[in-house]
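**Q** Okay, here's the structure, questions in a sec.
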Amino acid sequence: MSAFAAGDRVAVLDVDVPGHIRTPTYVRGRRGVIEREVGRFRNPEELAYGRSGEPRRMLYRVRFAQRELWADYAGTAHDTIDVDLYEHWLRKL
Amino acid sequence: MHIGHDHPHAHGEPPAGLDPHAPQRDHDDTLTYFRKLEIAVRELLIEKGVLTADEVRRTVENYDSRTPEGGARVVARAWVDPAFKALLMRDATAACESLGFDMNVFDVTLTVVENTPDTHNVVVCTLCSCYPRMLLGMPPAWYKSRAYRSRLVRDPRAVLREFGTVIDDAVAVRVHDSTADLRYLVLPMRPAGSDGLSEPELAALVTRDSMVGVTVLSPVQR
Amino acid sequence: MKGYHDIGGEPAGAIPMQEHEMMLWEKRVEAMLLLLSQKGLLRVDENRRGLEAVGAEIYHEAGYAERRIQSISTNLIAKGLISIEELAAKVADIEQRSDVLP
Numbered sequence: 001m002s003a004f005a006a007g008d009r010v011a012v013l014d015v016d017v018p019g020h021i022r023t024p025t026y027v028r029g030r031r032g033v034i035e036r037e038v039g040r041f042r043n044p045e046e047l048a049y050g051r052s053g054e055p056r057r058m059l060y061r062v063r064f065a066q067r068e069l070w071a072d073y074a075g076t077a078h079d080t081i082d083v084d085l086y087e088h089w090l091r092k093l
Numbered sequence: 094m095h096i097g098h099d100h101p102h103a104h105g106e107p108p109a110g111l112d113p114h115a116p117q118r119d120h121d122d123t124l125t126y127f128r129k130l131e132i133a134v135r136e137l138l139i140e141k142g143v144l145t146a147d148e149v150r151r152t153v154e155n156y157d158s159r160t161p162e163g164g165a166r167v168v169a170r171a172w173v174d175p176a177f178k179a180l181l182m183r184d185a186t187a188a189c190e191s192l193g194f195d196m197n198v199f200d201v202t203l204t205v206v207e208n209t210p211d212t213h214n215v216v217v218c219t220l221c222s223c224y225p226r227m228l229l230g231m232p233p234a235w236y237k238s239r240a241y242r243s244r245l246v247r248d249p250r251a252v253l254r255e256f257g258t259v260i261d262d263a264v265a266v267r268v269h270d271s272t273a274d275l276r277y278l279v280l281p282m283r284p285a286g287s288d289g290l291s292e293p294e295l296a297a298l299v300t301r302d303s304m305v306g307v308t309v310l311s312p313v314q315r
Numbered sequence: 316m317k318g319y320h321d322i323g324g325e326p327a328g329a330i331p332m333q334e335h336e337m338m339l340w341e342k343r344v345e346a347m348l349l350l351l352s353q354k355g356l357l358r359v360d361e362n363r364r365g366l367e368a369v370g371a372e373i374y375h376e377a378g379y380a381e382r383r384i385q386s387i388s389t390n391l392i393a394k395g396l397i398s399i400e401e402l403a404a405k406v407a408d409i410e411q412r413s414d415v416l417p
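In order, the protein sequences belong to chains A, B and C. Last residue of the first sequence: 93 (our numbering), numbering continuous. Last residue of the second sequence: 315 (our numbering), numbering continuous. Last residue of the third sequence: 417 (our numbering), numbering continuous.
Printed below as a string of structure tokens:
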């Protein structure tokens with residue numbers, strides 16, 4: 001059972017903590033849409049410290065409008081970025 | 094410790110008459126801090142039985158065998174075989190295995206994104222330098238550069254212009270930041286004028302950079 | 316606090332277009348990483364964490380293989396797979412030898 005489905009609107013957690021994290025700063029606190037559910041992967045935040053990474057975490061491709069990320073974005077309104085993000089970094093809107 | 098450089102610009106201008114894109118082979122004979130470290134770690138791991146010299150040699154050979162020609166074969170097949178293309182988009186690992194590629198060497202999931210008349214895809218890894226090595230080999234210097242990793246997500250159209258690629262405003266530019274266990278390969282659009290070419294002839298048209306998405310394929314002149 | 320590796324969106328200069336063919340020692344660094352990962356001795360994520368700890372100077376100023384061998388070495392020491400004493404003795408030995416370069 002996964003928390004989100006394709007098309008769901010989500011926000012990335014806007015928190016600042018130390019450690020090995022695969023959620024880039026430029027998407028934190030930003031809103032996007034679940035493009036697809038990718039599958040369950042071991043948690044890199046745990047693997048990075050020599051632990052098992054279990055339980056696995058659902059990974060999603062989240063699509064962001066460029067203009068949601070950068071207020072002065074130079075391209076067009078339909079330009080996007082897809083970022084692979086783990087479930088525990090997302091909350092449903 | 095002296096920090097050496099492998100940045101291309103650190104080598105200065107290439108000698109006159111040489112192609113600036115020709116491979117660089119300099120400072121191979123300088124025993125730097127980092128090269129001593131590589132030799133020391135490798136020899137210690139071999140002495141301890143963690144690795145064997147043969148394993149290291151075979152793994153280097155495996156890497157050497159992975160070149161953009163591999164990705165080009167996959168792209169050409171997708172252009173001529175709709176069933177293969179459907180499998181490639183759904184399960185790229187299985188599709189590539191069906192062409193004989195060993196995909197198990199790397200513990201990652203290959204994902205193919207398709208360029209269309211409406212959408213242009215381009216790939217980056219902002220947090221490190223993840224790259225579809227199983228199909229393209231080692232990433233080029235520009236892909237690993239601070240400039241590419243920093244700027245592509247912020248102003249992709251300007252970065253693409255530096256590669257000579259102008260994407261019409263009517264076409265959406267879709268950046269993929271490979272932050273996790275997926276590796277992205279762009280399926281470029283089949284170039285105009287390529288009707289009637291054989292699959293190997295089509296594969297010969299496909300460039301490395303088009304499969305990262307920083308270029309598009311030029312029309313075929315005949 | 317943003318890590319020095321977390322650079323997406325930062326201003327930077329022109330893309331360096333010159334190609335660079337990897338040297339044998341650089342390929343060996345990649346081979347060791349892959350083999351250690353396949354043997355379950357050093358995970359990709361551990362190496363990434365190591366890269367995020369080599370310091371901003373090495374991360375941004377040294378070459379790709381250079382920062383990676385620095386990270387591998389530090390990880391192997393932390394895991395007890397090689398000791399600093401062994402590494403120091405080996406480096407001292409390498410400095411005395413004439414057979415180490417291709």
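Just so you know, even glycine gets a beta-carbon here, dropped at the ideal spot from N, CA and C. Predicted model, so just to flag it, every value in this text is computed and none were measured.
#1: Check this for me: beta carbons of B/A169 and B/L295, under 8 Å apart or not?
#2: Checking 8 Å against the spacing of the C-beta atoms, do C/E367 and C/H335 come in under that value?
#3: Does A/A6 get closer than 8 Å to chain B when you measure Cβ to Cβ?
#4: Check B/Q117 in the structure and name its three-state DSSP category.
#5: Here's the rule: buried if 16 or more other CB atoms are within 10 angstroms of the residue's CB, otherwise exposed. What is A/M1?
#6: Distance cutoff 8 Å, beta carbons only. Does C/M316 sit that close to anything in chain A?
#7: If we define contact as Cβ-Cβ less than 8 Å, is C/G324 a contact residue for chain A?
#8: Excluding sequence positions up to five away, which residues of its chain have a Cβ less than 6 Å from the Cβ of B/G306?
#9: Mind listing the chain C neighbours of B/E148? Cutoff is C-beta to C-beta under 7 Å, in chain order.
#10: Nearest chain B C-beta to A/L47 closer than 8 Å, yes or no?
#11: Short check: CB of B/P249 to CB of B/V268, under 8 Å?
#12: Report, in whole angstroms, the separation of the C-beta atoms of C/V344 and B/E131, which I expect to be a contact under 8 Å.
#13: With distances taken between CB atoms, is the gap from B/R166 to B/L203 smaller than 8 Å?
#14: Residue ranges of each alpha helix (DSSP H) run of no fewer than 4 residues wholly in the region 123-199 of chain B, ordered along the chain?
#15: Under three-state DSSP, which class holds C/A327?
#16: DSSP on C/G365, reduced to helix/strand/coil?
#17: In terms of alpha-carbon separation, which member of C/S386, C/W340, C/G370 lies closest to B/S149?
#18: For A/R42, I'd like the list of residues in its chain whose CB is within less than 6 Å of its CB, leaving aside the five on either flank, ordered along the chain.
#19: Can you pull the chain B residues whose beta carbon is under 7 Å from the beta carbon of C/S386, in chain order?
#20: From the DSSP secondary-structure annotation, give me the bridge partner or partners of B/N214.
#21: So who's on the other strand from B/Y236, going by DSSP bridges?
#22: In three-state DSSP terms, what is B/V252?
#23: What does DSSP give as the partner residue(s) for A/M58 in the beta ladder?
#24: Which residues in chain A sit within 7 Å of C/R358, going by Cβ to Cβ distance?
#25: Leaving out five residues before and five after B/R244 in sequence, what residues of the same chain have Cβ atoms less than 6 Å from its Cβ?
#26: Considering only residues of the same chain and omitting the five flanking positions on each side of A/A65, which have a CB-CB separation below 7 Å?
#27: Our contact map puts C/A407 next to B/F127 with C-beta atoms below 8 Å; I'd like the distance itself, whole angstroms only.
#28: Determine which residues of the region 216-249 of chain B have a Cβ less than 7 Å from any Cβ of chain A, and write them out in chain order.
#29: Please confirm whether B/T212 and B/R242 have their CB atoms less than 8 Å apart.
#30: Give the straight-line distance between the Cα atoms of B/F177 and B/P281, rounded to the nearest whole angstrom.
#31: Can you check which of these residues, B/P312, B/L229, B/M182, is closest to B/S287 by C-alpha distance?
#32: Could you give the first and the last residue of the continuous alpha helix (DSSP H) run that contains B/L295?
#33: Can you have a look at A/D14 and say buried or exposed, based on whether 16 or more other CB atoms are within 10 angstroms of its CB?
#34: At a Cβ threshold of 8 Å, is C/R364 touching chain A?
#35: Just checking my contact of A/V33 with A/G75 at CB under 8 Å: how many whole Å lie between their CB atoms?
**A** Looking at the coordinates:
#1: For the purposes of this step, residue 169 of chain B is taken as residue 76 along the second sequence, with counting starting at 1. For the purposes of this step, residue 295 of chain B is taken as residue 202 along the second sequence, with counting starting at 1. If you check the CB distance, B/A169 and B/L295 come in under 8 Å.
#2: The residue you call residue 367 of chain C lines up with position 52 of the third sequence. The residue you call residue 335 of chain C lines up with position 20 of the third sequence. With contacts defined by Cβ atoms closer than 8 Å, C/E367 and C/H335 do not form a contacting pair.
#3: Mapped onto the first sequence, residue 6 of chain A falls at position 6. No - not a single Cβ of chain B is within 8 Å of the one on A/A6.
#4: Mapped onto the second sequence, residue 117 of chain B falls at position 24. Low per-residue confidence applies at B/Q117: pLDDT is 43, beneath 50, and the placement is therefore not dependable enough to give any value.
#5: As a first step, residue 1 of chain A is located in the first sequence; it is residue number 1 there, counting from the start. A/M1 counts as exposed, since fewer than 16 other C-beta atoms from the protein chains shown sit within 10 angstroms of its C-beta.
#6: The residue given as residue 316 of chain C occupies position 1 in the third sequence. So yes, C/M316 belongs to the interface.
#7: The residue labelled residue 324 of chain C in the question sits at position 9 within the third sequence. Interface criterion met: the Cβ of C/G324 is under 8 Å from a Cβ in chain A.
#8: Residue numbering aside, residue 306 of chain B sits at position 213 when the second sequence is read from its first letter. Apart from the 5 residues on each side of it in sequence, B/G306 sits with its Cβ closer than 6 Å to the Cβ of N214, V215, V216, V279 in its chain, given in chain order.
#9: Counting from 1 along the second sequence, the entry for residue 148 of chain B is found at position 55. Those are L350, listed as they occur along chain C.
#10: Position 47 of the first sequence, counted from the start, is the residue given in the question as residue 47 of chain A. Answer no: the Cβ-Cβ gap between A/L47 and chain B never drops below 8 Å.
#11: Position 156 of the second sequence, counted from the first residue, corresponds to residue 249 of chain B. Position 175 of the second sequence, counted from the first residue, corresponds to residue 268 of chain B. Result yes, Cβ atoms of B/P249 and B/V268 sit closer than 8 Å.
#12: Translated into positions along the third sequence, residue 344 of chain C becomes position 29. Translated into positions along the second sequence, residue 131 of chain B becomes position 38. Separation of the CB atoms of C/V344 and B/E131 is rounded to 6 Å, and the pair is thereby assigned contact status at 8 Å.
#13: Indexing the second sequence from 1 puts residue 166 of chain B at position 73. Indexing the second sequence from 1 puts residue 203 of chain B at position 110. In this structure, B/L203 does not lie closer than 8 Å to B/R166 by Cβ.
#14: Here the runs fully enclosed are 126-140, 146-158, 161-173, 175-183, 185-191.
#15: Position 12 of the third sequence, counted from the first residue, corresponds to residue 327 of chain C. C/A327: coil per DSSP, three-state reduction.
#16: In the third sequence, the residue the question calls residue 365 of chain C occupies position 50. In the three-state scheme derived from DSSP, where H, G and I count as helix and E and B as strand, C/G365 is classed as helix.
#17: Looking up residue 149 of chain B in the second sequence gives position 56. The sequence as given places Val at residue 149 of chain B; Ser does not occur at that position. Cα-wise, what sits closest to B/V149 is C/W340.
#18: Translated into positions along the first sequence, residue 42 of chain A becomes position 42. If the five residues before and after A/R42 are omitted, its C-beta is found closer than 6 Å to the C-beta atoms of G53, R56, all from its own chain and listed in chain order.
#19: Numbered from its first residue, the third sequence carries residue 386 of chain C at position 71. One finds nothing in chain B with a Cβ atom closer than 7 Å to the Cβ of C/S386; even the nearest lies about 11 Å away.
#20: By one-based count along the second sequence, residue 214 of chain B stands at place 121. Per DSSP, B/R267.
#21: Within the second sequence, residue 236 of chain B is the residue found at index 143, counting from 1. None; B/Y236 has no bridge partner.
#22: Stepping through the second sequence from its first residue, residue 252 of chain B is reached at position 159. The DSSP-derived three-state label of B/V252 is helix.
#23: Residue numbering aside, residue 58 of chain A sits at position 58 when the first sequence is read from its first letter. Residue pairing for A/M58: DSSP places it in a beta bridge opposite A/R40.
#24: Residue 358 of chain C sits at position 43 when you count from the first residue of the third sequence. Ordered by position in chain A, the residues that pass the 7 Å Cβ test against C/R358 are L47.
#25: One-based indexing of the second sequence puts residue 244 of chain B at position 151. So the qualifying residues of the chain are V252.
#26: Translated into positions along the first sequence, residue 65 of chain A becomes position 65. Answer for A/A65: T80, listed in chain order.
#27: Numbered from its first residue, the third sequence carries residue 407 of chain C at position 92. Numbered from its first residue, the second sequence carries residue 127 of chain B at position 34. The Cβ separation is near 16 Å, so there is no contact.
#28: Of all residues in the region 216-249 of chain B, only T219, L220, V246, R247, D248, P249 come within less than 7 Å of chain A when Cβ atoms are compared, listed by chain position.
#29: Taking the second sequence and counting its residues from 1, one reaches residue 212 of chain B at position 119. Taking the second sequence and counting its residues from 1, one reaches residue 242 of chain B at position 149. No; because the gap between Cβ atoms is not below 8 Å, this pair is not in contact.
#30: Indexing the second sequence from 1 puts residue 177 of chain B at position 84. Indexing the second sequence from 1 puts residue 281 of chain B at position 188. A straight line joining the alpha-carbon of B/F177 with that of B/P281 spans about 15 Å.
#31: Translated into the one-based positions of the second sequence, residue 287 of chain B becomes position 194. The shortest Cα separation from B/S287 among B/P312, B/L229, B/M182 belongs to B/P312.
#32: Looking up residue 295 of chain B in the second sequence gives position 202. In the DSSP assignment, B/L295 falls within the alpha helix (DSSP H) that extends over 292-298.
#33: Counted from its first residue, the first sequence places residue 14 of chain A at position 14. Looking at its Cβ environment, which holds fewer than 16 other Cβ atoms inside 10 Å, A/D14 is exposed.
#34: On the third sequence, residue 364 of chain C is found 49 positions in, with the first residue counted as 1. At least one chain A Cβ lies under 8 Å of C/R364.
#35: As a working note, residue 33 of chain A is residue 33 in the first sequence. As a working note, residue 75 of chain A is residue 75 in the first sequence. Incorrect: roughly 18 Å between the Cβ atoms, too far for contact.
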